[in-house]
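*Asks:*
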Amino acid sequence: MATSACKSKTMLLMVFVAAALVMSTPSLAQSPLQYNFYGSSCPQAEATVRSVTEGIIKNDTTMGAALMRLFFHDCFVRGCDASILLDPTANNTQVEKKAIALRGYDAVNKIKAAVEAVCPGVVSCADILAFAARDTAVVSGGFTTFYMPSGRRDGVVSRLFDVLQNIPSPILKLPDLINNFAAKGLTVDDLVTLSGAHSFGQAHCSVFNGRLYPTVDPTMNATFADALKTVCPAPGTSGADPVVSNNRVTDPNVLSNQYYSNLVAGKVLFVSDQQLMNSTYTAAKVANNSGDAATWMGQFAAALVKMGSIQVLTGTAGQVRKYCNVVNS
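For the sequence shown, the positions run -29 to -1, 1 to 300 when mature numbering (1 follows the signal peptide of the UniProt record, and there is no 0) is used.
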């Protein structure tokens, strides 16, 4: 009986994912990306990324959120071109990774090295980020695996200023969040759906301390706020900036629709999270996602694929880097 129920749940999720992908992504005739792009040039590419990604997350469950966040940051800054991965150089000291402290760079380098071992010079770092984000949803969220189009090439430009201009701030109000996503070709529905990634991962107290001090934000659950204040000191009282889990209600390393239940209960960290309750439309989407995990998972998969097509470099544009942290010489 248990096995039958599990199979039924899996089949239902596959139907939702397939339907969401059909409804939410452009046809391949319109997209510069392709499914199974490496089918001939490197047939082991996606399996290699999946295997290494699984091992990384199983060894350290916090790495799932780190890899997902890298993909988001990469796509929102200059498009999905792996520019987030580039190290500073003598000629360019102010690269994207200088703007915000992110984790996962070593993990991406490990995945890239494994892919290079089977197919040297073929698979871009931009595609590796996309595949790793998809595989993170599978490993950390229990998603049925889904197609991630590929064929991205790597950019050669990385500028700190571009991060400041493009990454949505955690203190943005709802109209600004909507405009930020719209500038990337993403809808209000995509905003609500992708915000579910805040069901896992971590944040520094300084990012949301304004909701705790000098007075607690009235939209935040009082008990939740009191617990946060035991970890996060008031600004100016300590040089420390502790890290807390985005999800302090259930497992903080699982990608799930728990985020929406937390949001309804006032148990989320960021101003930008709570803003989703500030319109009838987005609040209704939050409520629906809270009560229907399978539908949200299908929508999240589709939105992730859609996000992965932002301003991509294809064809002869850009390059395929040998090492993800430096451009080819």
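Just so it is clear, CB atoms sit at the ideal spot from N, CA and C, and this is done for glycine as well.
For clarity, every value in this text was computed on a predicted model and none was experimentally measured.
1. What first and last residue would you give for the alpha helix (DSSP H) that runs through Ala37?
2. Going by beta carbon distance, what residues of the same chain come within less than 6 Å of Pro(-4), once the five residues before and after it are set aside?
3. Within a Cβ cutoff of 6 Å, which residues of the same chain sit near Leu165, ignoring the five residues on either side of it in sequence?
4. Excluding the 5 residues flanking Arg123 on each side, which residues of the same chain have their C-beta closer than 6 Å to its C-beta?
5. Using the Cβ count rule (16 or more neighbours within 10 Å means buried), how would you classify Gln229?
6. Decide if Lys83 is buried, meaning its Cβ has at least 16 other Cβ atoms within 10 Å, or exposed.
7. Exposed or buried, what is Phe43 when buried is set at 16 or more other beta-carbons lying within 10 Å of its beta-carbon?
8. Determine the direct distance from the alpha carbon of Asn80 to that of Ser129, and round the result to whole angstroms.
9. Rounded to whole angstroms, what's the CA-CA distance from Met(-7) to Ala211? Just pull it up for me.
10. So, at 7 Å on beta carbons, what are the nonlocal neighbours of Thr221 in its own chain, with the 5 sequence-adjacent residues on each side left out?
11. So, Gly75 versus Leu131, is the Cβ gap smaller than 8 Å?
12. Where do the N-terminal and C-terminal ends of the alpha helix (DSSP H) with residue 345 fall, by residue?
13. Between Asp161, Pro139, Val298, which lies nearest to Ala70 when the distance is taken from Cα to Cα?
14. Put Leu56 into one of helix, strand or coil per three-state DSSP.
15. So, helix, strand or coil for Asp125, using DSSP?
16. Please state whether DSSP places Ala174 in a helix, a strand or coil.
17. In whole angstroms, what separates the C-alpha of Ala288 from that of Asp161?
18. Could you check if Asp244 is buried or exposed, using at least 16 other CB atoms within 10 Å of its CB as the buried criterion?
19. Under the assumption that Val202 contacts Ala196 (Cβ atoms under 8 Å), give the Cβ distance between them as a whole number of angstroms.
20. For Ser261, count neighbouring C-beta atoms within 10 Å of its own C-beta (all shown protein chains included) and say buried if the count is 16 or more, exposed if not.
21. Is there contact here, the stretch 20 to 31 with the stretch 56 to 72, by at least three beta-carbon pairs under 8 Å?
22. Relative to the alpha-carbon of Asn233, which residue among Phe171, Val214, Cys90 has its alpha-carbon at the smallest distance?
23. Looking only at its chain, what residues have a beta carbon closer than 6 Å to the beta carbon of Phe8, apart from the 5 residues adjacent to it on each side?
24. Thinking Pro91 and Phe241 are a contact (beta carbons under 8 Å), I'd like their distance in whole angstroms, please.
*Replies:* Reading it off the structure:
1. Judged by DSSP secondary structure, Ala37 falls within the alpha helix (DSSP H) whose first and last residues are 34 to 49.
2. Legend: pLDDT at Pro(-4) = 41, less than 50; position of this residue unreliable, value from coordinates given subsequently. Taken in chain order, the list of residues that qualify is empty.
3. Ala274
4. Cys51, Ser95, Ala97, Asp98, Val283
5. buried
6. Classification for Lys83: buried.
7. buried
8. Each residue's CA atom was taken as its position, placing Ser129 and Asn80 some 17 Å apart.
9. Note that Met(-7) scores 43 on pLDDT, short of 50, meaning its location in the model is unreliable; the coordinates nonetheless yield the value given after this. Spanning the two alpha carbons is a distance of roughly 46 Å.
10. Gln229
11. No, they are not a contact pair.
12. For the chain, the structure presents residues -29 to 300; residue 345 sits outside this window and is missing.
13. Pro139
14. helix
15. The three-state reading of DSSP puts Asp125 in strand, counting E and B together.
16. strand
17. 28 Å
18. buried
19. Not quite, the Cβ-Cβ distance comes to about 11 Å (not below 8 Å), so this is no contact.
20. Residue burial is scored here from C-beta neighbours: Ser261 has at least 16 other C-beta atoms within 10 angstroms and is therefore classed as buried.
21. Result no; under three Cβ-Cβ pairs closer than 8 Å.
22. Nearest neighbour of Asn233 by Cα position, chosen from Phe171, Val214, Cys90, turns out to be Phe171.
23. Contacts found: Ser121, Gly122.
24. Wrong, their Cβ atoms sit about 42 Å apart, outside the cutoff.
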